[in-house]
Amino acid sequence: MASKPIVFVSRGAPPEPLKDLATVCEIRQWKEQHVISREEMMKNARGVHALFVHPPDRVDAELFDAAGPQLKVVGTMSVGLDHVDVTECRKRGIAVGYTPGVLTIAVAELAVGFLLATARRMSEAFRAVHNGVWGTRWDNALWMTGAEVAGSTVGIVGLGRIGMAVAKRLKAFEPARILYCGHSVKPCAKEVGAEFVPFKELLSSSDFVIATCSVSADNQHLFNKEAFSAMKSSAIFINVTRGALVDQDALLQALTSGQIAAAGLDVTTPEPLPPNHPLLQLSNCSVLPHLGSGSHRTRTNMCRITVNNILAGLRGEPLPSPIP
Ligand code: DGY
226 MASKPIVFVS
236 RGAPPEPLKD
246 LATVCEIRQW
256 KEQHVISREE
266 MMKNARGVHA
276 LFVHPPDRVD
286 AELFDAAGPQ
296 LKVVGTMSVG
306 LDHVDVTECR
316 KRGIAVGYTP
326 GVLTIAVAEL
336 AVGFLLATAR
346 RMSEAFRAVH
356 NGVWGTRWDN
366 ALWMTGAEVA
376 GSTVGIVGLG
386 RIGMAVAKRL
396 KAFEPARILY
406 CGHSVKPCAK
416 EVGAEFVPFK
426 ELLSSSDFVI
436 ATCSVSADNQ
446 HLFNKEAFSA
456 MKSSAIFINV
466 TRGALVDQDA
476 LLQALTSGQI
486 AAAGLDVTTP
496 EPLPPNHPLL
506 QLSNCSVLPH
516 LGSGSHRTRT
526 NMCRITVNNI
536 LAGLRGEPLP
546 SPIP
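Residue numbers (the working numbering): 226 to 549.
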């Protein structure tokens, strides 16, 4: 190993935690004004001892080959692991750390805010004000009206940490029912009075369908043509987990045909979504740039955990927050 181990950090990150890393490592950091490409990632990984990554940076055999055999540890600043080939990491004895827990509240707050904003058509309304449409349409009291959570049925797909935090917060808005689906009944559901139902029933009964489950090989495109056609025409769909859960062509069709009322997506495929993407042309679809964990405090905590994982991995010690 060189006198100081080298860490490649694939984007800007909160500076305070990085200072700890800099005391023992040489930090190479991506500082260009665009998201790092695969080629640039592979080039920068060459010869490093640790990688500090973030979704959607793909971490797989090809990247490890480009990095070289001295690579000891990968720290991903995320709870999601769909971008990491965990089997390949294990095969090569490369330690991997992630950041569960600390982002639950930030993601739940965003999910609730986004749900309310989508229900009340806020992004469409902002555009109408900026485009001068307000004065021409406020002749009608029903202009720009939306839906309320009070008295509604809210369906949560995946009552894990984030799903539960969303349910607790939404409860304050007094929905008539909270439904959830997943692999099994969750004892914690009692705290919010949530009812376990099959996926299909959740879709057909809910006014709001919120995806909070993690993505795996089993649930890619869970929200497909069939799923959207099972939903109410007034339903609002919110996704704060991963774009891969959604068949975006089917969603586009559902939104343009009136099969569902609106969607709020914090996650898409790909990310970033190109500005000319058809979903971005729809007035009933709002897209955010994957901001779930994007509070200053949470991103700083995530960075600190990632730094601690990397430091432990470089010392050959167990990581404080290893992948399960
Ligand atoms: C996560 O941690 O997986 C988030 O989606 C990334 O911001």
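Even for Gly, the Cβ is constructed at its ideal location relative to N, Cα and C.
For Gly517, which residues from the same chain have a beta carbon less than 8 Å from its beta carbon, with the 5 sequence-adjacent residues on both sides left out? Taking the first residue of the sequence shown as 1, we reach residue 517 at position 292. When the five nearest sequence neighbours on each side are left out, the beta carbons in the same chain lying within less than 8 Å of the beta carbon of Gly517 are those of Leu328, Ala331, Val332, Leu335, Ala336, Val465, Asp491 and Val492, in order along the chain.
Whole-angstrom Cβ separation of Arg263 and Arg283, contact assumed at under 8 Å? Counting from 1 along the sequence shown, the entry for residue 263 is found at position 38. Counting from 1 along the sequence shown, the entry for residue 283 is found at position 58. Rounded, the Cβ-Cβ distance is 7 Å, consistent with contact.
Looking only at its own chain, which residues have a Cβ that is under 6 Å from the Cβ of Arg402, when we skip the five neighbours before and after it? The residue given as residue 402 occupies position 177 in the sequence shown. Thr378.
Quick one: what does DSSP say Pro547 is sitting in, helix, strand or coil? Position 322 of the sequence shown, counted from the start, is the residue given in the question as residue 547. Taken through DSSP and simplified to helix, strand or coil, Pro547 comes out as strand.
Taking the C-alpha atoms as reference points, what is the distance between Asn501 and Ala372? Position 276 of the sequence shown, counted from the first residue, corresponds to residue 501. Position 147 of the sequence shown, counted from the first residue, corresponds to residue 372. Rounded to the nearest whole angstrom, the CA to CA distance from Asn501 to Ala372 is 28 Å.
Coil, strand or helix - Ala336 by DSSP: If you number the sequence shown from 1, residue 336 lands on position 111. Under the three-state reduction of DSSP, Ala336 is assigned to helix.
Taking Cβ to Cβ, would you say Phe277 is nearer than 8 Å to Thr531? Here residue 277 refers to the residue found at position 52 of the sequence shown. Here residue 531 refers to the residue found at position 306 of the sequence shown. Taking 8 Å as the Cβ cut-off, Phe277 and Thr531 qualify as a contacting pair.
Can you determine whether any heavy atom of ligand 1 sits closer than 7 Å to the C-beta of Ser520, and answer yes or no? For the purposes of this step, residue 520 is taken as the residue at position 295 of the sequence shown. Ligand 1 never approaches Ser520 closely enough for any of its heavy atoms to be under 7 Å from the residue's Cβ.
May I ask you to report which of helix, strand or coil DSSP gives Ala442? Locating residue 442 in the sequence shown gives position 217, where the first residue counts as 1. Three-state result, Ala442: coil.
Taking only three categories from DSSP, how would you classify Cys250? Here residue 250 corresponds to residue number 25 of the sequence shown, with the count starting at 1. Of the three classes helix, strand and coil, the one that applies to Cys250 here is coil, per DSSP.
Pick from Ser348, Ala291, Ser431 and Pro240: whose alpha carbon is nearest that of Cys510? As a working note, residue 510 is residue 285 in the sequence shown. Of Ser348, Ala291, Ser431 and Pro240, the residue nearest in Cα terms is Ser348.
Thr493, DSSP secondary structure in three states: For the purposes of this step, residue 493 is taken as the residue at position 268 of the sequence shown. DSSP, read as helix, strand or coil, puts Thr493 in coil.
Would you kindly work out how many angstroms separate the C-alpha atoms of Val260 and Lys415, rounded to a whole number? Indexing the sequence shown from 1 puts residue 260 at position 35. Indexing the sequence shown from 1 puts residue 415 at position 190. Their Cα atoms are separated by approximately 43 Å.
Going by beta carbon distance, what residues of the same chain come within less than 8 Å of Arg271, once the five residues before and after it are set aside? Residue 271 sits at position 46 when you count from the first residue of the sequence shown. Same-chain partners within the cutoff: Ala291, Ala292 and Gly293.
Rounded to the nearest angstrom, what separates Gly483 and Val321 at their Cα positions? As a working note, residue 483 is residue 258 in the sequence shown. As a working note, residue 321 is residue 96 in the sequence shown. Their Cα atoms are separated by approximately 44 Å.
Would you kindly work out how many angstroms separate the C-alpha atoms of Cys406 and Lys244, rounded to a whole number? Here the question's residue 406 lines up with position 181 in the sequence shown. Here the question's residue 244 lines up with position 19 in the sequence shown. Spanning the alpha carbons of Cys406 and Lys244 requires a straight line of approximately 43 Å.
Tell me the DSSP secondary structure of Gly519 in three-state form. Counting from 1 along the sequence shown, the entry for residue 519 is found at position 294. If DSSP states are grouped into helix, strand and coil, Gly519 belongs with coil.
DSSP on Ile330, reduced to helix/strand/coil? On the sequence shown, residue 330 is found 105 positions in, with the first residue counted as 1. Collapsing the DSSP output to three states places Ile330 in a helix.
Short Cβ contact (8 Å threshold) for Val422 with Phe448: Counting from 1 along the sequence shown, the entry for residue 422 is found at position 197. Counting from 1 along the sequence shown, the entry for residue 448 is found at position 223. Judged by beta-carbon spacing, Phe448 lies beyond the 8 Å limit of Val422, meaning their Cβ atoms are not closer than that value.
beta-carbon Ser546 near ligand 1 non-hydrogen atom, thresh 7 Å: Your numbering for residue 546 matches position 321 in the sequence shown. Closer than 7 Å to some heavy atom of ligand 1: that does not describe the Cβ of Ser546.
Consider the C-beta atom of Gly305 and the heavy atoms of ligand 1; say whether any pair is separated by less than 7 Å. Residue mapping note: residue 305 aligns to position 80 of the sequence shown, counting from 1. At least one heavy atom of ligand 1 is nearer than 7 Å to the Cβ of Gly305, so yes.
Against chain D, with Cβ distances strictly below 8 Å, would Ala475 count as a contact? Chain labels in this structure do not include chain D; a single protein chain is all it has.
What ranges does the beta strand (DSSP E) occupy inside the stretch 267–313, keeping only unbroken runs of at least 3 residues that lie completely in it? Fully enclosed beta strand (DSSP E) runs of no fewer than 3 residues occupy 275–278 and 298–301 of the stretch 267–313, in order along the chain.
Identify, in the order they occur along the chain, each residue of the same chain with its Cβ nearer than 6 Å to the Cβ of Lys256, setting aside the five sequence neighbours on each side. As a working mapping, residue 256 is identified with position 31 in the sequence shown. If we look at Lys256 and ignore the five residues flanking it on each side, it has no Cβ neighbours.
Secondary structure at Asn501, three-state DSSP: helix, strand or coil? Counted from its first residue, the sequence shown places residue 501 at position 276. In the structure shown, Asn501 sits in coil (DSSP, three-state: anything other than H, G, I, E or B).
What is the rounded straight-line gap between the Cα of Gly380 and the Cα of Ser431? To locate residue 380, count along the sequence shown from 1; it is residue 155. To locate residue 431, count along the sequence shown from 1; it is residue 206. If you take the alpha carbons of Gly380 and Ser431, they lie about 5 Å apart.
From Ala460, Gly305 and Phe433, residue whose alpha carbon lies closest to that of Ser441: The residue you call residue 441 lines up with position 216 of the sequence shown. With distances taken between Cα atoms, Ser441 lies closest to Gly305.
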